[in-house]
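As you go down the protein sequences, you meet chains A and B in turn. If you're matching positions, the first sequence starts at 1225 in the numbering used here and goes up one per residue. If you're matching positions, the second sequence starts at 72 in the numbering used here and goes up one per residue. Please read the structure below before turning to the comments.
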Amino acid sequence: MDFSWGYLMQGFATALSLQNIFWALLGCFIGTLVGVLPGIGPVSGIAILLPLTTVLPPTSAIIMMAAIYYGAMYGGSTTAIVVNIPGEASSVPTAMDGYEMAKQGRAGPALAISAIASFVAGTISVIALTFFAPLLANFAVVFGPPEYFALMFFGLSLVISLSGRALLKGVISMAIGLGAALIGQDPLTGSARLTFGSAKLLGGVDFISVIVGLFAISEVMINVEQRITVISEVEIGRWMPTWADIRQCLGTMLRCTGVGFLLGLLPGCAPSVTSFVAYDLEKRVSKHPEQFGKGAIQGVCAPEGSNNATSTAGFVPLFSFGLPTAPSMAVLLGGLMMYGLQPGPMLFKTNPDFVWAVIASMYIGNVMLLVLNLPLVGMWAKIVKIPFYILGPLIVFCTVVGTYSLRFQAYDVWVMLIFGVVGYFMRKLGFPVAPLVLASVLAQMLETAMGQSLLISQGSPLIFFTRPISAVFMGLAILSVGWGIWVQVRSKALVVAAGDDEY
Amino acid sequence: MKTQRSADIMVGWFVTLLGVFVIIASTTIKGGAPHRLPPQTFPMVVGFLLLICGIGLTLKAWRMQGVDLALKWPDRQGFWTILVCLASLGCFIALMNPLGLPLAAFVYIAFSIWYLKRSKWLTAIVIGLITAVVSYYLFIRLLALSFPEGELFGG
């Protein structure tokens, strides 16, 4: 892919036509609405709405599809913040601090910073995509199975950070997540595992059902138990973040963009992974890490920015090599092929007008998301004031619709219900939920990468330490685990020394 | 499980037994190919992790000294409310296929709102109806998703 100012300007001219602006706006709006539904993430959203785009010319259709994708990514964060229901796995870290902010009457600033962070990260990422795509695509090629395993292992080490003071419980939570993800067929051999002869269990446990159950259903159970009348009784203050809030998040936005974009170049590295990594990074560099999980605005900014950056980065291998590196990209690839377009290096030679129009539309899509959603922040924030006797059942209804739409099986909804009960007890008994989610997302990728790596090395685990990139990630993971354990032991020693043995 | 300590001991035992169960279940996993990671490897690792962590949690709770925090469980009314809500959700899921999404949604929403606020029976019916109509026209008609329609809507 050769960059050309002429083609980019031409692309803007095409993308800025009234017709395409309208389709982009419509795509953002519909994508946001679809993304708000728990269980229906960007992949499902694009797949569901793809037929609606068939009436359009190819360029307009792809512009609309890309806008739907961005919109759905943003929509997932809205319910995560307002009612603690992550729309997809990448919104789970957002829910951890965003919902706390909503309970404090700061749903507006949380939603607004989410939109702003998404805009900043998305715009920077599109600029990187425009100018550096070939170089960045080569970076992705260097990653093999050992590097992927090391990266996923590093991701799992984030459990230490996510567990807070309950490290042992965090590890148990992680193990449960790993176990749930292993139910079904082994991805490498196809063997049935932990299915006990059940055909239903052979299909495995979808992690969206797990996430929605753990967060949404358990939250509803707790609210019902406490007989709350509304989610937040605190008067809703400002709709927008203060300048102090934005200044606090400037560094966060840049860091999460870097993390999200670079990791997003790697095939298989989904926004769900990068959002956790970005969240953990912010917690580590923060001067007040104890505020994370209790309504820290950076805790909303980091995952939202990084997942948008990751989404954009996924276009790099798609355009450069014609390789879809994530399920969402595969659906977009299908959309492109539906119009007779074959992504890859030749696409830039055969259809430069189309490619640069799509790239230009990404700039516009980011602006549209901001313009469309910032004014709606007030509307979304008011959801917390809806009486819970109405909101609760509607939340549950949405979760049922969302999880049923995963595979159109009631089985997934039953799984959601079961994990809702599990989540309720986890919260009562002090078990952190985030490690379970992270483990369930990473488990299959981890196992596949490990199997492939050991095949390459003929069974030697040293492969993870002899390849430079892999060794770096393994080292970081081991350091992360060691540091986390040391901090735990040290903090307990300090507490004991102070004469207050907190369990 | 009235206090944190007792709860952790019980949960520790449960997790330990779960670990044993997973280890035993892993031994029954068949299949695999030469020179490949056997399919029972990861489940076995998870089983041992659960076993070790379960024992660890039990011992840690057993040896705990200091203030034992009381857990906040729901009162009798809260307990029954949760049970009824879960049961109604279960019925919604079970009835979705035979009744169809719109009708099952109406029944679920109307009942749940009425149960949580007995005086608002009209609100319950109205919102239930709106949910049913929206779910039919949006999900089944407009988006053409494969939700069950039920006999009433011609499914």
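Glycine is no exception: its CB is placed at the ideal position from the N, C-alpha and C atoms. Computed from a prediction, not measured in an experiment: that's the story for all the values here.
Paired residues, beta bridge with A:R1417 - DSSP: In the DSSP assignment, the residues bridged to A:R1417 are A:G1408.
A:A1673 - containing alpha helix (DSSP H), residue span: 1658 to 1680
Three or more C-beta pairs below 8 angstroms linking the segment 1428 to 1436 of chain A and the segment 1656 to 1670 of chain A: Counting C-beta pairs closer than 8 angstroms gives three or more between the segment 1428 to 1436 of chain A and the segment 1656 to 1670 of chain A, which meets the contact rule.
Other residues of its chain near B:G90: CB distance less than 6 angstroms, five sequence neighbours each side excluded: G118, L121, L122, G125
Residue ranges of each alpha helix (DSSP H) within the segment 1560 to 1643 of chain A, 4 or longer: Complete alpha helix (DSSP H) runs here, min 4: 1569 to 1574, 1576 to 1597, 1601 to 1605, 1612 to 1631.
8 angstroms Cβ cutoff, A:K1424 in contact with chain B: no
Residue nearest to A:M1176 in terms of C-alpha spacing, selected from A:A1313, A:A1331, A:G1230: Residue numbering for chain A in the displayed model covers 1225 to 1727; residue 1176 of chain A lies beyond these limits and cannot be assessed.
Residue span of the alpha helix (DSSP H) that contains A:V1429, given as start and end: Counting along the chain, A:V1429 falls outside any alpha helix (DSSP H), and DSSP gives it neither H nor E.
Chain B contact residues for A:F1253, given Cβ-Cβ distances below 9 angstroms: A:F1253 does not reach chain B, its nearest Cβ partner there being about 15 angstroms away, counting only Cβ pairs nearer than 9 angstroms.
Cβ distance (whole Å) where B:T42 is taken to contact B:T129 below 8 angstroms: Past the boundaries of the shown model lies residue 42 of chain B; chain B is included only from 72 to 226, so the question cannot be answered.
Cβ of B:M167 within 8 angstroms of any chain A Cβ: yes
Length-filtered (4 minimum) alpha helix (DSSP H) runs lying within the segment 1511 to 1545 of chain A: 1522 to 1537, 1539 to 1545
Cβ-based neighbour list, A:L1382, same chain, cut-off 6 angstroms, excluding 5 preceding and 5 following: If we look at A:L1382 and ignore the five residues flanking it on each side, its Cβ neighbours are F1500, D1504.
Coil, strand or helix - B:A141 by DSSP: Strand at B:A141.
Contact set between B:L142 and chain A, taken where Cβ atoms lie within less than 7 angstroms: K1652
Helix, strand or coil at A:A1722 according to DSSP, with G and I counted as helix: Annotation note: pLDDT 45 at A:A1722 (below 50); position unreliable, coordinate value reported separately. Residue state, collapsed to three classes: coil.
Beta-carbon contacts of B:L142 that lie in its chain and below 7 angstroms, excluding the five residues immediately before and after: M72, K73, T74, Q75, A78
Proximity test, Cβ basis, 8 angstroms: B:C124 and chain A: With respect to chain A, the C-beta atom of B:C124 has a partner C-beta closer than 8 angstroms.
CB of A:R1631 within 8 angstroms of CB of A:S1442, strictly: no
Chain-ordered chain B contacts of A:W1707 [CB-CB under 7 angstroms]: Neighbours of A:W1707 on chain B: none; closest Cβ ~20 angstroms, over 7 angstroms.
A:E1312 burial status per 10 Å Cβ neighbour count (16 or more: buried): The residue in question, A:E1312, is buried, as its Cβ has 16 or more Cβ neighbours within 10 Å.
Whether A:Y1587 touches A:T1303 by CB criterion (8 angstroms): no
CA-to-CA distance, B:C156 to A:V1645, given in whole angstroms: Taking the CA atoms as reference points, A:V1645 sits about 12 angstroms from B:C156.
Residues near A:D1724 by beta carbon distance below 8 angstroms, same chain, minus five either side: Note on A:D1724: pLDDT 37, under 50, position unreliable in the model; no value is reported.
Beta-carbon proximity check, A:V1620 vs A:T1627, cutoff 8 angstroms: no
Segment limits, alpha helix (DSSP H) that includes A:N1244: 1242 to 1260
Distance, B:A175 Cα to A:M1698 Cα: 51 angstroms
Beta-carbon proximity of A:L1490 to A:F1367, cut-off 8 angstroms: Contact flag set, yes.
heavy atom of the ligand FAD below 7 angstroms from A:F1621 C-beta: Here there are no bound small molecules, and the ligand FAD is not part of this structure.
Local conformation of B:T74 per DSSP, three classes: strand
C-beta contact flag for A:L1593 and A:F1343 at 8 angstroms: Cβ distance < 8 angstroms, so A:L1593 and A:F1343 count as in contact.
Extent of the continuous alpha helix (DSSP H) run through B:I211: First-last for B:I211: undefined, no H or E at that position.
Cβ contact (3+ pairs, closer than 8 angstroms) linking the segment 1479 to 1488 of chain A and the segment 1286 to 1298 of chain A: no
Residue-chain proximity (A:M1603, chain B), Cβ-Cβ < 8 angstroms: no
Near-chain B residues of the segment 1430 to 1446 of chain A - C-beta to any C-beta below 7 angstroms: M1445
Neighbourhood of A:V1448 by C-beta distance below 7 angstroms, restricted to the same chain and skipping five residues each side: Apart from the 5 residues on each side of it in sequence, A:V1448 sits with its Cβ closer than 7 angstroms to the Cβ of G1616 in its chain, given in chain order.
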